[in-house]
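Asks:
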Amino acid sequence: MKMIKEIAIYIIIIISVVLFRTFIATPVKVNGTSMMPTLYDKEILILTKNTNNIKRFDIIVLKYGDERLVKRVIGLPGEYIKYVNNQLYVNNELIEEPFSTTPMHNFDIKSVGYAVVPPNHYFVLGDNRTASKDSRFFGPISINDIIGKTHFRLYPLNKIGFIK
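If you count by my numbering, then the sequence shown holds residues 8 to 171, one letter each, in order.
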């Protein structure tokens with residue numbers, strides 16, 4: 008009887024871990040330099056599988072083909088996005104971007120075939136604009152392609168904590 012209880016406890020623990028990772032949160036690794044200087048290659052983040060209430064400048068993980076990409080949300084549904092002289096304009100209003108230090112060429116969402124970000128879509132960029140495969144190349148992404156949001160860095164240990 009004692010052995011059955013121990014086995015039941017292990018089964019409950021395993022099921023709990025699987026359910027937690029499937030529906031709530033899971034670790035995810037940054038691949039590449041597209042989010043530098045905010046995030047670096049091989050850093051490990053905690054991904055919360057919540058796609059509700061996505062806001063401008065949230066860091067998300069999305070599916071792009073067989074890849075998982077870590078990007079920053081720049082444009083929300085219904086917004087007109089453009090960059091002029093390395094500055095972000097949303098609906099022709101200047102928006103401050105304190106996290107991107109790399110220059111960006113002039114860009115207009117119309118160059119990827121859209122007048123504005125479509126409903127249930129988001130315009131995403133990497134913080135390292137010169138080394139990022141993002142919405143400038145593949146257009147706005149569907150909410151269905153967003154796996155979740157990330158706010159917490161787990162590794163390296165000397166940088167553990169909330170992402171700014």
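Think of the CB as a built atom: it goes at the ideal place given N, C-alpha and C, for glycine as much as any other residue.
How would you label Ile-66, buried or exposed, when you count the other beta carbons within 10 angstroms and need 16 or more for buried?
Replies: buried
Asks: Taking just the CA atoms, how far does Ile-14 sit from Arg-63?
Replies: 46 Å
Asks: Express the C-alpha separation of Ile-22 and Ile-16 in angstroms, rounding to a whole number.
Replies: 10 Å
Asks: Quick check on Thr-157: does DSSP put it in helix, strand or coil?
Replies: strand
Asks: With 16 other CB atoms within 10 Å as the buried threshold, where does Glu-50 fall?
Replies: buried
Asks: Across the stretch 129-143 and the stretch 25-33, are there enough close Cβ pairs to call them in contact, namely three or more that are closer than 8 Å?
Replies: no
Asks: Can you give me the start and stop residues for the alpha helix (DSSP H) that Arg-143 sits inside?
Replies: For Arg-143, the enclosing alpha helix (DSSP H) covers residues 142-145.
Asks: Does the contact criterion of 3 or more C-beta pairs under 8 Å hold for the stretch 150-162 versus the stretch 52-62?
Replies: yes
Asks: Would you identify the three-state DSSP class for Phe-114, choosing helix, strand or coil?
Replies: strand
Asks: Given a threshold of 16 other Cβ atoms within 10 Å of its Cβ, counted over all protein chains shown, does His-128 qualify as buried or as exposed?
Replies: buried
Asks: Is Leu-101 buried or exposed, if buried means 16 or more other CB atoms sit within 10 Å of its CB?
Replies: Exposure of Leu-101 is indicated by the presence of fewer than 16 other C-beta atoms within 10 angstroms of its C-beta.
Asks: Cα separation between Tyr-90 and Phe-159?
Replies: 29 Å
Asks: Please state the DSSP three-state secondary structure of Phe-27.
Replies: helix
Asks: Evaluate Gly-133 with the Cβ neighbour count: other Cβ atoms within 10 Å of its Cβ, from every protein chain shown; 16 or more gives buried, anything less gives exposed.
Replies: Buried is the call here.
Asks: Are the beta-carbon atoms of Val-97 and Val-35 separated by less than 9 Å?
Replies: Against a cut-off of 9 Å, the Cβ pair of Val-35 and Val-97 comes out as no contact.
Asks: Candidates Asn-93, Ile-61, Asn-60, Ile-19: which alpha carbon is nearest Thr-137's?
Replies: Ranking the options by Cα distance to Thr-137, first place goes to Asn-93.
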